[in-house]
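First comes the structure, then the notes that go with it.
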Amino acid sequence: MTTTEIAAEHGVSRQTVHAHRKSGAFPKPVEGEGSTRPRFRADEVAAFFAANPPSPGKRTDLPSRDEGVPMNVTELHPAGVPEADLTKGERLANVLSYQTGVAAQKIGLTEGQAERAAQAVVRAVQEVSADWDA
Numbered sequence: 010m011t012t013t014e015i016a017a018e019h020g021v022s023r024q025t026v027h028a029h030r031k032s033g034a035f036p037k038p039v040e041g042e043g044s045t046r047p048r049f050r051a052d053e054v055a056a057f058f059a060a061n062p063p064s065p066g067k068r069t070d071l072p073s074r075d076e077g078v079p080m081n082v083t084e085l086h087p088a089g090v091p092e093a094d095l096t097k098g099e100r101l102a103n104v105l106s107y108q109t110g111v112a113a114q115k116i117g118l119t120e121g122q123a124e125r126a127a128q129a130v131v132r133a134v135q136e137v138s139a140d141w142d143a
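Residue 10 is where the sequence shown starts when you use my numbering, and the numbers rise one by one after that.
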């Protein structure tokens, strides 16, 4: 079997097959004539996947990316107001204000600096979107 055939038969990507090979736990390829592509015995591959079933989901080998608690930096979306009742400019300001807060945290700004940056974004959006919903 080739890596493409293994991937198709066992419901994994070719990259997953290569990652298993790199880890050293995957069966060794067998010698074959006429091709430089590695080929594997179907029974060994089936036994490997029976012992190591695919487990889709989040990777557990990476450190967690704690982005912190989203900052409440928008003044345009009062509690209880459905987003559908907001103007296009207000919705855009909400999204960009939130993203500004997340980015500010990632680069290490203080909460006050992040708040001022988000307010500047809101003011800029209000200025350019004043006539969008008119």
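Glycine included, every Cβ here is placed at the ideal spot set by N, Cα and C.
With a threshold of 7 Å on Cβ separation, who are the neighbours of residue i within its own chain once the five nearest residues in sequence on each side are excluded?
i: I15; result: V26, F49, V54
i: A51; result: M10
Using the rule of at least 16 other Cβ atoms within 10 Å of the residue's Cβ for burial, across every protein chain shown, is residue i buried or exposed?
i: A113; result: buried
i: S106; result: buried
i: A127; result: buried
i: T13; result: exposed
i: G117; result: exposed
i: N103; result: buried
i: E42; result: exposed
With a threshold of 9 Å between beta carbons, is residue i in contact with chain D?
i: A59; result: The structure shown contains no chain D, having only a single protein chain.
Sorted by chain position, which residues of the same chain lie with C-beta nearer than 6 Å to residue i's C-beta, five sequence neighbours on each side aside?
i: P47; result: P38
Starting from residue i, trace the alpha helix (DSSP H) both ways and give me its first and last residue.
i: G20; result: No alpha helix (DSSP H) contains G20, which DSSP labels as neither H nor E.
i: V111; result: 97-116
i: R125; result: 120-137
i: E53; result: 51-60
Between the Cα of residue i and those of the options, spot the shortest distance and give me the residue it belongs to.
i: E136; options: V111, K97, Q122; result: K97
For residue i, which residues from the same chain have a beta carbon less than 8 Å from its beta carbon, with the 5 sequence-adjacent residues on both sides left out?
i: H29; result: F35, F57, N61
i: S22; result: A16
i: V130; result: A102, L105, S106, T109
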